[in-house]
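Peer 1: Chains as they are written, first to last, in our numbering: chain A, 1 to 322; chain B, 323 to 609.
Just so you know, even glycine gets a beta-carbon here, dropped at the ideal spot from N, CA and C.
This one's a predicted model, so the numbers in the text were calculated from it and none came from an experiment.
Can you read through this structure? Questions will come right after.
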């Protein structure tokens with residue numbers, strides 16, 4: 001018998017994923033949509049569709065379009081609101097082994113806090129992933145994610161409101177991710193997710209208007225992978241908490257690249273649309289790769305590309321001291 | 323819904339830029355209903371991250387063959403035209419909800435605008451199999467874009483309208499509705515949004531014009547069916563098959579919505595692609 005390979009991931013505060021392959025918010029609904037095509041209980045975690053305090057109808061259409069090596073989406077956070085999400089799905093989630101990480105969005109600190117409060121203690125909810133890249137109407141249209149002070153403030157407020165493990169998702173649309181990542185860490189986040197989509201637009205075929213109904217969309221897919229790698233590379237060196245990478249993962253090499261720049265886990269997003277079976281296959285391939293190189297844990301792959309470190313990476317992400 | 327590798331059997335350009343392709347897909351051929359669709363993955367060529375949705379144009383359980391009919395509009399559809407017999411491709415389906423025909427309906431009116439024929443084509447086969455009479459009203463810009471009649475079952479009454487008058491009625495297909503709306507028990511349409519909007523308006527006024535009772539309403543009323551349910555759709559005079567840019571096609575990404583008459587936007591891939599006309603908001607200027 002071959003020795004077991006340890007694929008488990010400790011994201012802190014008791015959130016231990018069975019393996020480091022998650023599915024990304026917005027690409028996997030509430031976990032039930034792909035039905036029999038995907039065995040969800042094999043996944044390392046599921047980040048559900050962005051959930052807000054009140055129901056949102058979302059943006060005008062078209063909402064999605066393919067671009068070279070990627071796609072733009074501007075769904076506009078269509079969702080039935082946190083209470084409806086809990087009522088409709090949490091009973092199913094509670095029967096699953098896979099940790100359900102509820103992605104939370106809001107327009108004000110109070111929104112985020114209230115959603116977190118309502119999710120706290122709900123069986124089936126394993127953690128919260130804060131989407132702080134949506135417009136902060138309370139502060140005049142600023143995104144929480146592009147300002148270290150605002151990012152820290154919303155993180156700290158949610159931290160006080162819930163005991164659930166707290167992941168905060170970074171936006172790539174910033175000049176320097178490091179002060180923002182540090183502010184979120186200091187505010188009490190358990191882990192970071194990087195990256196959210198890059199802001200972009202597409203032009204309608206008649207060139208008389210932008211293609212998307214909302215003009216702006218978020219770019220995802222293989223096209224964003226180099227940007228995601230760079231931001232994960234910078235974030236993992238700036239903070240001690242674990243970083244979950246996301247951005248254009250389509251095969252095992254992508255997973256290994258993100259681990260190499262210090263991520264402890266990866267989320268698969270856009271690639272699910274083309275191949276819903278990819279995330280589960282990546283788990284098997286990662287395990288096979290561990291066996292191939294004789295690693296007892298996938299953690300041997302973490303941080304190998306980072307500048308020289310004083311010690312080996314810890315279970316909880318990478319410890320790096322410049 | 324299954325993910326299956328299917329093999330291309332035949333491929334031909336039936337109209338300029340429009341292709342009809344047959345695939346050997348026994349599970350889809352026997353387990354699908356008219357109005358449903360498949361989400362097809364372009365090959366592993368760099369740059370294309372999304373599948374392409376196609377209506378199931380025809381299915382044949384006996385031979386295990388399904389066909390799709392599409393126009394080449396970009397890199398994905400262009401890729402599909404380059405497939406050769408024997409090539410394998412990945413289909414996710416059947417997806418979405420089918421047309422719902424009231425068992426009492428004997429006369430079905432199918433209305434297709436251009437490539438919209440692919441959305442209603444399979445319903446003609448299903449309806450004939452169930453012993454119903456089918457009339458297809460087909461609209462196109464000109465004679466060179468008219469769907470070949472030899473691709474339709476002989477039993478279908480086929481009426482053509484062209485914008486330029488080069489074949490059949492000179493004008494829009496919607497001009498022909500008046501002649502058929504007393505004959506038809508139900509109507510099923512697929513095509514450009516403008517066409518569907520006119521049809522929805524005509525259908526909404528039909529009851530008053532004709533003084534007909536709503537199909538399926540028992541004397542004394544009773545509880546109405548929930549909007550969007552199969553039972554409610556079965557009673558609707560007009561059902562439409564909608565089109566929208568699509569991401570996942572299983573209801574996860576909320577990319578492919580259309581505006582609802584009431585409530586949140588509806589997913590074309592999940593609540594649709596077939597809707598009763600009255601479920602949709604035809605005034606919202608969403609494209």
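Name, going along the chain, the residues of the stretch 42 to 75 of chain A whose beta-carbon falls closer than 8 Å to a beta-carbon of chain B.
Peer 2: If the cut-off is 8 Å between Cβ atoms, the stretch 42 to 75 of chain A has 49, 55, 57, 58, 60, 61, 62, 63, 64, 65, 66, 68, 69, 70, 71, 73 and 75 near chain B.
Peer 1: Could you tell me which chain A residues have their CB closer than 7 Å to the CB of residue 573 of chain B, listed as they occur along the chain?
Peer 2: Near residue 573 of chain B (Cβ distances below 7 Å), the residues of chain A are 29 and 33.
Peer 1: Distance check for residue 258 of chain A and residue 590 of chain B, CA to CA, integer angstroms please.
Peer 2: Rounded to the nearest angstrom, the two C-alpha atoms are 35 Å apart.
Peer 1: Excluding the five sequence neighbours on either side, which residues of its own chain have a C-beta within less than 7 Å of the C-beta of residue 239 of chain A, listed in chain order?
Peer 2: Result list for residue 239 of chain A: 181, 182, 185 and 192, in chain order.
Peer 1: State the DSSP-derived secondary structure class of residue 246 of chain A, mapped to helix, strand or coil.
Peer 2: Residue 246 of chain A falls in the strand class under three-state DSSP.
Peer 1: Which of the three DSSP states is assigned to residue 404 of chain B in this structure?
Peer 2: Three-state DSSP puts residue 404 of chain B in coil, outside helix and strand.
Peer 1: What is the rounded straight-line gap between the Cα of residue 472 of chain B and the Cα of residue 478 of chain B?
Peer 2: The alpha-carbon atoms of residue 472 of chain B and residue 478 of chain B are separated by roughly 11 Å.
Peer 1: Taking the alpha helix (DSSP H) that residue 153 of chain A belongs to, which residues open and close that run?
Peer 2: Element bounds for residue 153 of chain A: 148 to 161.
Peer 1: Opposite residue 597 of chain B in the DSSP bridges: which residues?
Peer 2: BP columns for residue 597 of chain B point to B:562.
Peer 1: Name the chain A residues that come within less than 7 Å of residue 350 of chain B, Cβ to Cβ?
Peer 2: Near residue 350 of chain B there are no residues of chain A at all, since even the closest Cβ is about 14 Å away, more than 7 Å.
Peer 1: Where does residue 236 of chain A fall in DSSP's three states?
Peer 2: Correct three-state label for residue 236 of chain A: helix.
Peer 1: Could you give the distance in angstroms between the alpha-carbon of residue 403 of chain B and the alpha-carbon of residue 34 of chain A?
Peer 2: If I take the Cα positions, the gap works out to 28 Å.
Peer 1: Contact criterion: CB-CB distance below 9 Å. Does residue 78 of chain A meet it with respect to chain B?
Peer 2: With 9 Å as the cut-off, residue 78 of chain A counts as an interface residue toward chain B.
Peer 1: In chain order, what residues of the stretch 418 to 431 of chain B put their CB closer than 7 Å to some CB of chain A?
Peer 2: Taking 7 Å as the Cβ-Cβ cut-off against chain A, none of the residues of the stretch 418 to 431 of chain B qualify.
Peer 1: Note down the Cα distance separating residue 349 of chain B from residue 48 of chain A, rounded to an integer number of angstroms.
Peer 2: So the alpha carbons of these two residues sit roughly 31 Å apart.
Peer 1: Is it buried or exposed, residue 452 of chain B, if we count other Cβ atoms within 10 angstroms and call 16 or more buried?
Peer 2: Exposed, since its Cβ has fewer than 16 Cβ neighbours within 10 Å.
Peer 1: For residue 483 of chain B, list the residues DSSP reports as bridge partners.
Peer 2: According to DSSP, residue 483 of chain B bridges with B:461 and B:491.
Peer 1: Would the beta-carbon of residue 532 of chain B fall within 9 Å of that of residue 433 of chain B?
Peer 2: Their beta carbons are not under 9 Å apart, which means residue 532 of chain B does not touch residue 433 of chain B by this criterion.
Peer 1: Determine the DSSP secondary structure at residue 100 of chain A, reduced to helix, strand or coil.
Peer 2: Three-state DSSP puts residue 100 of chain A in a strand.
Peer 1: Whose CA, out of B:362, B:326 and B:430, lies closest to the CA of residue 556 of chain B?
Peer 2: If we check each option's Cα against that of residue 556 of chain B, B:430 comes out closest.
Peer 1: For a contact meaning CB atoms closer than 7 Å, what does residue 362 of chain B contact in chain A?
Peer 2: In chain order: nothing, as chain A lies at least about 10 Å away.
Peer 1: Please report the straight-line C-alpha distance between residue 247 of chain A and residue 197 of chain A, rounded to a whole angstrom.
Peer 2: Each residue's alpha carbon lies about 8 Å from the other.
Peer 1: Would you mind giving the Cβ-Cβ distance between residue 358 of chain B and residue 391 of chain B, rounded to the nearest angstrom? I have them listed as a contact below 8 Å.
Peer 2: Not really, about 15 Å apart at Cβ, beyond 8 Å.
Peer 1: For residue 468 of chain B and residue 506 of chain B, I'd like the C-alpha separation in whole angstroms.
Peer 2: Distance between the alpha carbons of residue 468 of chain B and residue 506 of chain B is about 23 Å.
Peer 1: Would you tell me roughly how many angstroms separate the C-alpha atoms of residue 271 of chain A and residue 337 of chain B, rounded to the nearest one?
Peer 2: Those two C-alpha atoms are separated by around 33 Å.
Peer 1: Report the neighbours of residue 353 of chain B on chain A: residues whose CB is nearer than 9 Å to its CB, in chain order.
Peer 2: Within chain A, no residue comes near residue 353 of chain B; the closest Cβ sits about 13 Å away, beyond 9 Å.
Peer 1: Are any of the Cβ atoms in chain B nearer than 9 Å to that of residue 301 of chain A?
Peer 2: Not an interface residue.
Peer 1: Counting only beta-carbon separations shorter than 9 Å, does residue 317 of chain A have a partner in chain B?
Peer 2: Since pLDDT at residue 317 of chain A reaches only 48, below the 50 mark, its modelled position is unreliable, and the value read off the structure follows with that caveat. Not one chain B Cβ lies under 9 Å of residue 317 of chain A.
Peer 1: Where does residue 387 of chain B fall in DSSP's three states?
Peer 2: DSSP places residue 387 of chain B in strand when its eight states are reduced to three.
Peer 1: Taking a contact to mean a Cβ-Cβ separation below 9 Å, would you say residue 86 of chain A touches residue 118 of chain A in this structure?
Peer 2: Yes, they are a contact pair.
Peer 1: Spell out whether any CB of chain A is found under 9 Å from the CB atom of residue 324 of chain B.
Peer 2: True, the Cβ-Cβ gap to chain A drops below 9 Å.
Peer 1: Using the beta-carbon of each residue, which ones in chain B are nearer than 7 Å to residue 224 of chain A?
Peer 2: In chain order: nothing, as chain B lies at least about 11 Å away.
Peer 1: Note the first and the last residue of the continuous alpha helix (DSSP H) segment covering residue 290 of chain A.
Peer 2: Element bounds for residue 290 of chain A: 278 to 293.
Peer 1: May I ask you to list the residues that DSSP assigns as paired with residue 629 of chain B?
Peer 2: An answer regarding residue 629 of chain B cannot be provided, because it is not within the stretch 323 to 609 covered by chain B.
Peer 1: With a 10 Å radius around its C-beta and 16 neighbouring C-beta atoms as the bar for buried, classify residue 308 of chain A as buried or exposed.
Peer 2: Exposed, by the Cβ-count rule.
Peer 1: Chain B partners of residue 84 of chain A, CB-CB under 9 Å?
Peer 2: The contacting residues do not exist; residue 84 of chain A stays about 10 Å from chain B at best.
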